[in-house]
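S.K.: First the structure, which I've put down as structure tokens, then a few questions once you've had a look.
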Amino acid sequence: MGTVTQASGFWKNSDLSNKINSISVIGLGYVGLPTAAMIANRGYQVIGVDVDPIVVAAITRGETPFVEPDLDKLVRSAVSSGNLKAAFKPEPADVFIISVPTPFKNGNIPDLSYLETAVKTLAPVLSIGNLIIIESTSPVGTTEKIRDWLSKFRPDLSMPGKTAHQDVYIAHSPERVLPGRVLLELVENDRVIGGITPICAEKAASFYQLFVNGTCHVTDAQTAEFVKLAENAYRDTNVAFANELSLLCEELNINVWNMLELANRHPRVNILKPGPGVGGHCIAVDPWFLVASAPNLTPLIQAARSVNNQKPKTVIKQIMSRVVEINARTISFLGLAYKANIDDLRESPAVEIVIKTAEIFKGDVYVCEPNITDLPQSLKSSKNIKLSSVDRCLDVADLVVLLTDHREFAQISSDSLTNKSIIDTRGVWKSFLTKVTNGG
Ligand code: SAJ
């Protein structure tokens, strides 16, 4: 092991497919629920486990508790076939997939408490021959830590890598699906599968071969953990570069969108898009897991985080200077989600921009977020923020600030924006705005 190898050679030696009857997915969020529903629709018995009563109740009714294209149909059919059940506690199964959050706590230190709780509740139902796969994005060394926790809770079972014989198999296979494209990417993406021992990786690869069309690359657990963190830090750094360029373009009075389109015509250049900042529970979080391993060795990753974290503050300054310039009494913000066509507001720069602007702006603030029906508490507590339709937002606004590139906003015609002052942080209206302001 150590080098990346295609799994297909191993698969024939350790085909698990006829031994798997039941699968338990612990954590029914953006990755766990689609995974559980997809496997259940392939005819396997799946028990989905979550601590949130709202999530368990929704799935039990065959409903999906968040927005992800086409997931609702998949969940409905998995539940009505009887193959998918939601529960609060793990039950015995052949394969356990852990897909709980791994956020960070104060000081940008990884918070493994959800993983620890999942392992604690799973330990009592483990039995010989079980395969445990950690899909949660994790700091390097976490899979072995999980093995050690399990060893403490189940001293009767031989854990991989401890003795020549092993009773259970433990591997890390980081989820790599992009919210908004989860169902497609679950099946089509390549997977990186890191085992604590080579046999752990083989077993996990055999399992994924049941539903993954992409190639399964097997390696050791620590490399798999690192690969996932490197992928997300790479994307964060690329967006930070784009965000820095957008500030420079603003300063030099250059249209950043035209400039990027031309730069990306080079066959070896692919700069991502600037925006109001980087949000979500992955790109804005995972680079810190690398930093936490060695702060002195990660100046670039830290600089990228700082550039991206600074961007919402720059947008707020720009909004406030425009407010003074045009004497605006009403601002309408379009979009709260951290990215297009989903309802996820976690770590969203749009939310930060709206809350902080509303604190300093004396007039009315309207917000349109087509994917939610109610404002989150953090916005509700501000008296001057109202959730409204896109038409109403455009009607009342002196200043329109586009924060998320939802498809509904891309459809807005240039006529509806006549006589409005506009800040388009995503370049959605770049084709008809003469003076493009990019949040710089
Ligand atoms: N963003 C930009 N400009 C861009 C691309 C993204 O400003 O050109 C912003 C988005 O608006 C958003 C943030 O970055 O606020 C993150 O969005 P994203 O689409 O880059 O990524 P996520 O967080 O939705 O999903 C990422 C993916 N990782 C990579 O593409 C390397 C996904 O494959 C991972 O599975 C996911 O993180 C995860 O769960 O780790």
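Numbered per the working numbering, the sequence shown spans residues 103 to 542. Note that the Cβ used here is the ideal one computed from N, Cα and C, for glycine as well. Bear in mind that the values here come from a model prediction, so they are computed numbers and not experimental data.
Decide if the stretch 433-446 is in contact with the stretch 507-526; the criterion is three or more beta carbon pairs, one per stretch, under 8 Å apart.
M.R.: Counting Cβ pairs under 8 Å, three or more are found: they touch.
S.K.: What do you reckon, is the C-beta of K441 under 7 Å from a heavy atom of the ligand SAJ?
M.R.: Flag set: Cβ of K441 near the ligand SAJ.
S.K.: Check whether the Cβ of K247 lies closer than 7 Å to any heavy atom of the ligand SAJ, and answer yes or no.
M.R.: No, the beta carbon of K247 sits no closer than 7 Å to any heavy atom of the ligand SAJ.
S.K.: Candidates Q479, G381 and F463: which alpha carbon is nearest S450's?
M.R.: Closest option to S450, Cα to Cα, is G381.
S.K.: Our contact map puts V502 next to L519 with C-beta atoms below 8 Å; I'd like the distance itself, whole angstroms only.
M.R.: Confirmed, about 7 Å.
S.K.: Compute the Euclidean distance between the alpha carbons of M261 and I295, then round it to the nearest angstrom.
M.R.: C-alpha separation (whole angstroms): 18 Å.
S.K.: Would you say the beta carbon of P281 comes nearer than 7 Å to a heavy atom of the ligand SAJ?
M.R.: P281: yes, Cβ under 7 Å from the ligand SAJ.
S.K.: Which of helix, strand or coil does DSSP assign to I524?
M.R.: Strand at I524.
S.K.: Helix, strand or coil: which one does DSSP assign to Y466?
M.R.: Position check: residue 466 holds Asp in this sequence, whereas Tyr was assumed. Of the three classes helix, strand and coil, the one that applies to D466 here is strand, per DSSP.
S.K.: Find the nearest neighbour of Y146 within the set I128, A180 and Y132, judged by alpha-carbon distance.
M.R.: Checked all of I128, A180 and Y132; the closest Cα to Y146 is A180.
S.K.: Return helix, strand or coil for I122, following the three-state DSSP convention.
M.R.: DSSP places I122 in coil when its eight states are reduced to three.
S.K.: Using DSSP with H/G/I as helix, E/B as strand and the rest coil, what is C384?
M.R.: Of the three classes helix, strand and coil, the one that applies to C384 here is coil, per DSSP.
S.K.: Could you say if the stretch 200-207 and the stretch 217-233 meet the contact criterion of at least three C-beta pairs nearer than 8 Å?
M.R.: Flag = yes, the stretch 200-207 and the stretch 217-233 touch.
S.K.: Does DSSP classify D445 as helix, strand or coil?
M.R.: Three-state DSSP puts D445 in coil, outside helix and strand.
S.K.: Count the C-beta pairs between the stretch 325-337 and the stretch 270-283 that are closer than 8 Å, then say yes if the count reaches three, no if not.
M.R.: At 8 Å Cβ cutoff, the stretches touch.
S.K.: Under three-state DSSP, which class holds D152?
M.R.: Here D152 sits in coil by DSSP.
S.K.: Take I301 as the anchor and find which of V270, G209 and L286 has the nearest alpha-carbon.
M.R.: The option with the nearest alpha carbon to I301 is V270.
S.K.: Quick check: what's the CA-CA separation for S483 versus V467?
M.R.: Cα to Cα, S483 sits roughly 13 Å from V467.
S.K.: So the alpha helix (DSSP H) L130 belongs to, where does it begin and stop?
M.R.: Per DSSP, L130 belongs to no alpha helix (DSSP H) and is neither H nor E.
S.K.: Excluding the five sequence neighbours on either side, which residues of its own chain have a C-beta within less than 6 Å of the C-beta of Q108, listed in chain order?
M.R.: Low confidence applies to Q108: its pLDDT is 47, below 50, so where it sits in the model is not reliable, and the reading given next is rough at best. The residues are T317.
S.K.: Between which two residues does the alpha helix (DSSP H) harbouring A406 extend?
M.R.: Residues P401 to I428.
S.K.: List the whole-angstrom C-beta distance separating Q324 from V242, where the pair is believed to meet the contact cut-off of C-beta under 8 Å.
M.R.: The Cβ separation is near 5 Å, so the contact holds.
S.K.: Would F534 be called buried (16 or more neighbouring beta carbons within 10 Å of its own) or exposed?
M.R.: So F534 ends up on the exposed side.
S.K.: If we count Cβ pairs, one from each stretch, closer than 8 Å, do we get three or more for the stretch 331-346 versus the stretch 369-388?
M.R.: These segments touch.
S.K.: Taking V148 as the reference, which of A138, D154 and I156 has the closest Cα?
M.R.: Comparing Cα-Cα distances from V148 to each of A138, D154 and I156, the minimum goes to A138.
S.K.: Comparing alpha-carbon positions, which option in G297, E304 and V151 lies nearest T245?
M.R.: Checking every option, the nearest Cα to that of T245 belongs to G297.
S.K.: Between I373 and A344, which are expected to be in contact by the criterion C-beta below 8 Å, what is the C-beta distance as a whole number of angstroms?
M.R.: Indeed, because the Cβ distance is near 5 Å, the residues count as touching under 8 Å.
S.K.: Where do the N-terminal and C-terminal ends of the alpha helix (DSSP H) with T339 fall, by residue?
M.R.: That run of the alpha helix (DSSP H) goes A323 to L354.
S.K.: Exposed or buried, which one is T475 when buried takes at least 16 other CB atoms within 10 Å?
M.R.: Under this definition T475 is an exposed residue.
S.K.: Hey, could you find the ends of the beta strand (DSSP E) A188 is sitting in?
M.R.: Its beta strand (DSSP E) spans residues L186 to A189.
S.K.: Given this structure, state the Cα-to-Cα distance separating A266 from T299, to the nearest angstrom.
M.R.: A266 and T299: Cα-Cα distance of roughly 10 Å.
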